[in-house]
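Scroll down for the structure; my scribbles are underneath it.
There are 2 protein chains.
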Amino acid sequence: MNKINTKQRLIDSGISLMKEKGYHNTGLMEIVKAAGVPKGSFYHFFASKEAFGLAVLDYYSDEFEPYMVAILTDPSVPPLQRLHNFFEGGREQLLGDSCRGGCFIGNLAQELSDQDEVFRASLAVVLQRWEQHFANCLRDAIAQGELPKDLDADMMGRFIINSWEGAILRMKVLKSIEPVEGFIEMLFTVILPRSQSISE
Amino acid sequence: MNKINTKQRLIDSGISLMKEKGYHNTGLMEIVKAAGVPKGSFYHFFASKEAFGLAVLDYYSDEFEPYMVAILTDPSVPPLQRLHNFFEGGREQLLGDSCRGGCFIGNLAQELSDQDEVFRASLAVVLQRWEQHFANCLRDAIAQGELPKDLDADMMGRFIINSWEGAILRMKVLKSIEPVEGFIEMLFTVILPRSQSISE
């Protein structure tokens, strides 16, 4: 096993363990064991648990964002359908995880925002970028006449990402996909169509 | 200091410490110290940290729910104004806490839903009751002609509590009240009024 593999295995184990157990509740020895790498290798790559956690956060965000952007900017699909495809993909993923884990970024934000300023600042940037990807997709929908011109895309984008995180949180506690499906239904059958009907 | 005071001081310390630091990240010795009670007294009242955490959860929920119900059922105030008063009160509280801590129930739900089935079940019940208080207030609004008769009060109540939790989560990570204010604005200037305009 080369160095790149060892580091990547540590990061992959960090994502899956911390997503379900949280940051504080996941021990370094647990990560090393799950990764199947020598104990001593951890500090070869990471100066501290915090440095590791931040590397895991960066890796996760760097992997997820292109996936998100690809769906939300797909020129072959109308903008509101792109938005729907993104949430439908999320629903399938969350259901595949048996409504466990939820959103890695939302979990860390809940746990660490009051505890660690470096994490908080990084998490704020990631969520801000996600918000802008939603807002940009809404702007495309406005430009293509799917939504009214006076819709505030930034405000709606912010509301969408925040409400989505809340729906995932409720899914975790209910161990049911219903809150996630309810969010999608509210967004696409009530909130966005009615914002449309106003302008007609 | 009598027994009731000692137990209550432990619970009060548990709420304030766990709200900001989380359940796993708060040590028993820390709680005992913050409560200013003898070390040995903890196990006199609580069999374990889990038993303590559940007692804290019950106490918090038993305190909060009557406050919530009083606002949402106030017969001297029109139903939608009651709902607005509740969220405005929440906004002031969260701002008074400098956007730290957030929602004690939402925090525990995020941290423990995959970790502890007893906590998960209790938290699910609390959030279900909150959802129903919102739905009941929306039903009052329908009955008084403030909202259209065909509005699904249960679905909207669920969406409201979940989105509120998401707004509080984003507030914590941004350390800004803006997501909470944005939620209130979206709910009262877009979502509820436009659900109204459909029936006109």
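Chain order of the listed sequences is A and B.
Anchor point for the first sequence: position 46 equals 46 in the numbering used here, and the numbering is continuous, going up by one each time.
Anchor point for the second sequence: position 172 equals 172 in the numbering used here, and the numbering is continuous, going up by one each time.
Ideal Cβ positions, reconstructed from N, Cα and C, are used throughout, including at glycine.
Note that the structure is a prediction, hence the values are computed from the model and not measured.
- Phe134/B is not a Cβ neighbour of Ile105/B, given a cutoff of 7 Å.
- Residue state for Glu146/A is assigned as coil, using DSSP reduced to three classes.
- When the five nearest sequence neighbours on each side are left out, the beta carbons in the same chain lying within less than 8 Å of the beta carbon of Leu28/B are those of Phe42, Lys49, Phe52, in order along the chain.
- Lys175/A and Ala167/A have their C-alpha atoms spaced approximately 12 Å apart.
- Around the beta carbon of Glu92/A, fewer than 16 other beta carbons sit within 10 angstroms, so the residue counts as exposed.
- DSSP places His44/B within a helical segment (H, G or I) once states are collapsed to three.
- The three-state reading of DSSP puts Asp154/B in helix, counting H, G and I together.
- Contact check for Gly182/A against Arg9/B fails: the beta carbons are separated by 7 Å or more.
- A direct Cα-to-Cα measurement between Ala153/A and Cys103/B gives close to 27 Å.
- Taken atom to atom, the span from the alpha-carbon of Pro78/B to that of Ala35/A is near 58 Å.
- For Gln93/B, the enclosing alpha helix (DSSP H) starts and ends at 79 to 96.
- Cβ-Cβ distances below 6 Å link Ser61/B to Val126 in the same chain, with the five nearest sequence neighbours on each side left out; the list follows chain order.
- Collapsing the DSSP output to three states places Ser163/B in a helix.
- For Asn25/B, the secondary structure class from DSSP, reduced to helix, strand or coil, is coil.
- Taking the beta carbon of Arg100/B as reference, the chain A residues within 9 Å of it are Ser113, Asp114, listed in sequence order.
- Neighbours of Ala135/A in chain B, taken as residues whose beta carbon is under 7 Å from its own, are absent, since the nearest beta carbon is some 13 Å off.
- For Phe52/B, the enclosing alpha helix (DSSP H) begins and ends at 49 to 72.
- Closer than 7 Å to the CB of Ile191/A there is at least one CB belonging to chain B.
- Counting only Cβ-Cβ distances below 8 Å, Trp164/B has contacts in chain A at Gly166, in chain order.
- Chain order gives the chain B residues near Lys21/A as Asp114, Gln115, where near means a beta carbon separation below 8 Å.
- With 16 or more neighbouring CB atoms inside 10 Å of its own CB, Gln110/B falls in the buried class.
- When rounded, the separation of the alpha-carbon atoms in Ile142/A and Arg82/A is 13 Å.
- Distances from the CA of Val190/B to each of Asp74/A, Gly89/A, Met156/A were compared; the closest alpha carbon is that of Met156/A.
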